[in-house]
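The structure appears right after this line, and notes come after that.
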Amino acid sequence: MRRLAGSTWRFDDVDGVPVAPVPDRARPELTFEDDGQVYGTGGINRFRSTYTLDGDRLTFGPLATTQMAGIPDHEARERAVLELLGGAPTIRVDGDVLVLVDAAGHASRLTRVRAEPVS
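The sequence shown runs 1394 to 1512 under this note's numbering.
Below, the structure is given as C-alpha cells:
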C-alpha cells in the first residue's frame, strides 16, 4: 500500500482508449488514502471503497457509488473503469505513471496528479 498511499491518479486511457474530459464532469481518477480507503470517480459517478496491495495485486472492497446517468459513450467508459477495479488488477508504478493490468492482459494508464502550488 505504501506505493499508492497518499496519492491521486488520473486515467489517461482505459484499455488503450484515450480518456478525454467529460463536459461538466471529472476525468476518471483514484485517490488512495493512508488508511486503506480509496475514492474517486469513473467520470460520471463518484465511488468509495477500501483497497489492499499484496505484491503487485491491487484488490478493492465493495464499491459504493452514486447513481447518476451520462451519455452512452461515457457510461461505457465508466463501466470499463469499474470492471477493471473489480477485477483485482496487477499494477506497475514507474515514477508518475501507474499501469493497471486486468486478468486478460489489457492495460490502463494513469498519471499521478500533483497538488497545485498555493500562491
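For every residue, glycine included, the Cβ atom is placed at its ideal position computed from N, Cα and C.
C-alpha gap between residue i and residue j, whole angstroms
i, j, result
"residue 1482", "residue 1425", "15 Å"
"residue 1457", "residue 1478", "12 Å"
"residue 1428", "residue 1498", "29 Å"
"residue 1423", "residue 1398", "11 Å"
"residue 1450", "residue 1465", "31 Å"
Residue i classed as buried or exposed, judged by whether at least 16 other C-beta atoms fall within 10 angstroms
i, result
"residue 1437", "buried"
"residue 1445", "exposed"
"residue 1454", "exposed"
"residue 1459", "exposed"
"residue 1439", "exposed"
C-beta contact flag for residue i and residue j at 7 Å
i, j, result
"residue 1431", "residue 1470", "no"
"residue 1411", "residue 1474", "no"
Residues that DSSP places opposite residue i in a beta bridge
i, result
"residue 1457", "1441"
"residue 1465", "According to DSSP, which records beta bridges pairwise, residue 1465 is partnered with nothing at all."
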